[in-house]
Structure formats: structure tokens, C-alpha cells
Amino acid sequence: MWPLVLCSCGMGVALLAFLPANALLGWVLVLPLAGAVLIRLLPSGYTAAHRQVALAFTLLILLLAVRLWAGYTPMSRAPFQQVVGLSAGWSGLVWIRLEFGVDGLSLWMVLLTRALMPLAVLCSWLSQQKNNQSFMRLLLVLERALLAAFTCLDLLGFYVLYESALIPMFLLIGIGGSRPRKVRAAYLLVLYTLVGSLVMLPCVLLMLSQTGSTSFELLAHESWAPARQLVLWWGLFLAFAVKVPMMPVHLWLPEAHVEASTAGSVLLAGVLLKLGTYGLLRFSLPLLPDACVYYGPFVMLLSLLGLVYASLTTLRQVDLKKVVAYSSVAHMNLVVLALFTLSDLGTTAAAFLMLAHGVVSPAMFLCVGALYDRAHSKALKYLGGAATAMPLFSIMFFLFSLANLALPLSPNFVGEFLCLSAIFGHNVWALLLACLAVILSAAYSMWAYARVVHGMPRPQVFSAMADLNRRETVTFLPLVALTLWWGLKPEIVLDQLSSGLWFWHQATQTVFEPIHWVLDIV
């Protein structure tokens, strides 16, 4: 493994040295497909080569993404940087042009996707022996769809890429799942997401018919009639609410997490769920600000119900993976709650908590996966006393459990504190319910940790169990570093996030002041 990894790092350094800055994003978008094609060309029996090529390409693209981040200029006069275009035509009749670029929000989503992808390859290093070639190819194809979705500057293009990410995720759950119910979980994922997205497509086409384009920069400066905004808002909101997920369209997520492999859960929690909140931040708020003000109380009420419901439901779970899954539902509903305070602080806080959850929740699923590989069970009643046999694992599980409950000096603490501050400035009763959910998160995080790590070890489960090996330790270390870095120095992320979000608040004049036409409609 290591010679090929070192070779990929050398190639990455060479590309960093010689590639022009404006070509970095193009290479980041192209290389995942090149890696998937190369894995397809290798013989099916070369499982070690499939893993090594996937890891090499993911590390190479990570290096390019880091260079992309280093070259980003906050508060630039241009809203998007590193813009690349893709054009296609046929006989002068059909002409398609898509543009891809990054701002403070999409840049960090690209980095999060890139950071998690090598970890997904590493955690499936030995667990995916039967369909290894297909599994590694699907990881790279999914990476390509996610990177393109987070950087696409066209609403119709985003819709296509948003839906295309569903296909590899469906196959990853169906191929890499751990139990016979994995097919049902994969179909639930497709059913919920497709139904929500089918409502979004007519709204996108309606925007296209009125403006002649679905370019984000053009749509952001388009004036929409209030009544039309109310209709368009529902199409976008329903599609994004399913992906968050919000209550009552959240039932697919716990099932998908339980049946997915560890790599599938890492990507589902870390990146896939962020497509929903990213869509709300990128499209719903800037394009339809008046409708967001009008429907804001309804969305906040729905988020509060989902937040408290998911937190209470987590306390009665008997499956460790479902505990982490419902915890994800609660945290993502808190993101939406802060987002629809419709303030500068709320949008920045929601974006930061979204990123913090994208680090801590995958780490929790890695802990569950490491435990399942040894105990072959996720049922809490069969677990206990892991500290005796697995001290290093217990330390990792303790660290990320503290981060999950938002202990000070963790990124979740920064994100939740900012979210609660934004909610406090909007509605005190909403703040009280949100604080209740935060207290419940401490309860279920420590309860799950105590059930797994403390108590008397069960001989039939932990007697011959080894601690984390080198590969697993290497998988955890980047997440430990990010957790400590973002918890101690959150301004590194917050400055770039706020600069990108501030620009669009100013450019589209969506300062979210109270509006008078709502009273006229009522």
C-alpha cells in the first residue's frame, strides 16, 4: 500500500508546483472519474490494487483541494473564485453551459468531501472483499458527483448532480450493506429522495422559462413576484427537507445508516446530508428571501419538533448505530433552526455546525464500525467493558462522544453556541426547547459511551478482541486533528464562511428585514 501512496503524494506535490491556480478546480473534478476508469480497467481479482488506486487518487485530489483552499481570497471582489466552464452543443440546436466555482461555503464543503473520502477507502480496506472493484469505483463516482454539486453555479445543473449522487449511494448501500435488509434501506433512500426531488424539477423549469437561464448569479438578481415566490419555495424546500432530513420525512435515514457499511455511513452522515442544508443556504435563502421570511415560523416549528423528537427517540434505541443516526437527525434540525432565524449570525452558525457535524458524526460511525468488525453486533445489550480489551478505541470513542455532546473546545460546541445565540435573538421559547435538546444530546452520548466502554466485559464478545490496528488508527487521526483544530481555532473556518455568505447577503440585498406584503396576503 505505502509505495503507491507515496507515489500519489509525489504526483500531488508535482501538480501543486506546476499546475496554474485557475486549473485546480478542473483537476479536482476530473481526477475522480479518471480513478474510477483506471480501477475498471484492472482485473477483477486484483483487490489490493483496487484499494491502492482508490486511496492514491483520493489522496491526490485531497492535496489539490488543500492547494485550492490555500489560494482562496476571502472578501474578494468576485463572489466565486476558480471558476471553470463546461460547454456542450449539437448542430447549433442544443447548447448547455455549466460553470463551477467556489466561495467561502462551497470551498469548505469541497474540503470536507475530500477529507472524508480517503477515510472511507481506509475503513473499507478489508471489509469489502466480495465486490471490492465495484465498491471502490462507486466511491470515486460518488465523490465526483458531490464535488460537482457543491461547486456548480447553475440551479438546473445542481439538480442533476444532486440526483446523480443518489445512484452510487444506492448501490453502495445495496452492495456494501451488512444485513439482508440492506436492499429495503436502499430503496427507502431512493423513494424518499426522488419524491421530494420530483417537486423541485417543475419549479426549476419555471425559473428557466421566466429568465431563460438557471445560472445562480443571474437568478440571484431576478425579481420574483411574492405569490410566485411562495410556490417556488415549496418545490425547493421539500427536496432539501428530505435530504436534511426533517420530520416527518426522516424515516429513511436511520434505516439507511443501520444497513450501510461503515464507509457508506461515513459519507452519508458527513457529506450526503449536507446537500440539503447546502441547498437551503445556496438557493432557497438568496433566491426566495421573501418566501423564507413568510414560511420561516413554520420551518422553525418543524425543526424544533424534529430536534426534540430525534433527541428523545435516541434515548430509547437499542442499536448503537441508530443512536448515532438519530443524533445526526437532531443536529441537522438544529442547523435548519438556526438557518431560518434569517440573520447573518444564524446563517454563519448553521454553516459552521454543518461542517462540525461532518467531522464528528463520521468519527462516531467509524467507532461503531470498528466495534462491529470485532463484536459482529451493534446491539447495546451485548456490549460493555470495551475499556479492558480496547483502551485506544475507548479513548477515541470518549473523545468523539464529548465532541458529539458539544463539550467546550470542540467544534460542535462552537457551532451549537452560535446557533443558540442566533435563536435567542429571534425567539426565547425556541431557545428553551433547543437547549432541552442540547441537554438530551449530552444524556444519550454519555449513556451510549457508558454502555459500550464501562461495565463488566462480556467474555463471549471481548475475550479475544484486539485494539485498533495501525490502519484504523491512521483513519481516526485526521478527524482527531480536525476536531481539535476547529474547536480551538474556529475563526479559521468562520472568517471564510462569513465572507462568502456576507457577499451574497449584500449582492442580493437579502438582509431579511420584516416585509409588509405578508400582512397583505394574510
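All residue numbers for the sequence shown refer to the numbering used here, where the first residue is 1 and numbers rise by one.
The beta-carbon is built from N, C-alpha and C at its ideal position, and this holds for glycine as well.
A quick note: this is a predicted structure, and the numbers were derived from the prediction, not measured.
Going by DSSP in three states, residue i sits in which element: helix, strand or coil?
| i | result |
| --- | --- |
| F100 | strand |
| D467 | coil |
| Q317 | coil |
| S261 | coil |
| V244 | coil |
| G358 | helix |
| S215 | strand |
| D239 | Note that residue 239 is Ala in the sequence shown here, rather than Asp. A239: helix per DSSP, three-state reduction. |
| G85 | strand |
| A406 | coil |
| A165 | coil |
| L519 | For L519, the pLDDT reaches just 30, beneath the cut-off of 50, and the residue's location in the model is therefore unreliable, although a value from the coordinates is still provided. Looking at L519 - three-state DSSP - the assignment turns out to be helix. |
| A379 | strand |
| V249 | coil |
| R144 | helix |
| K322 | helix |
| L42 | coil |
So, residue i versus residue j, is the Cβ gap smaller than 8 Å?
| i | j | result |
| --- | --- | --- |
| G235 | M200 | yes |
| M246 | G196 | no |
| A351 | L140 | no |
| G500 | D154 | no |
| A434 | L337 | yes |
| G455 | G385 | yes |
| A356 | P391 | no |
| T262 | V360 | no |
| L194 | P168 | no |
| A269 | P362 | yes |
| Y159 | V231 | no |
Can you give me the Cβ contacts of residue i inside the same chain, cut-off strictly under 7 Å, excluding the 5 residues immediately before and after it?
| i | result |
| --- | --- |
| L38 | V53 |
| M109 | F150, K274, Y278 |
| H50 | I39, L42, N132, Q133, M136 |
| I173 | K182, A185, A186, L189, A256, E259, A260, G264 |
| M364 | V324, F400, N404 |
| Y449 | F397, F398, S401 |
| R114 | I61, L62, A65 |
| V271 | L112, T113, L116, L146, G358 |
Measuring straight from C-alpha to C-alpha, what distance separates residue i and residue j?
| i | j | result |
| --- | --- | --- |
| C367 | R97 | 43 Å |
| E143 | S401 | 27 Å |
| A370 | H257 | 15 Å |
| Y72 | S164 | 28 Å |
| P289 | S394 | 46 Å |
| L353 | C419 | 8 Å |
| C152 | G487 | 29 Å |
| L208 | T214 | 6 Å |
| P408 | T211 | 48 Å |
| L122 | V414 | 29 Å |
| M332 | A34 | 33 Å |
| L62 | A227 | 44 Å |
| S311 | I439 | 9 Å |
| V474 | F240 | 34 Å |
| A437 | Y309 | 9 Å |
| S441 | E416 | 11 Å |
| T347 | L468 | 38 Å |
Among residues of its own chain, excluding the 5 on either side of residue i, which ones have a beta-carbon nearer than 8 Å to its beta-carbon?
| i | result |
| --- | --- |
| L383 | L320, L371, A375, S377, R451, V452, R458, V461 |
| K381 | V318 |
| F237 | L280, S284, Y295, V299 |
| G45 | none |
For residue i, which residues in the same chain have their Cβ closer than 6 Å to its Cβ, ignoring the five residues on either side in sequence?
| i | result |
| --- | --- |
| V84 | L25, G26, F100 |
| A349 | A338, L418, C419, A422 |
| Q229 | L288, D290, A291 |
| L315 | Y444 |
| L267 | A120 |
On the DSSP bridge assignment, give the partners of residue i in chain order.
| i | result |
| --- | --- |
| D154 | S215 |
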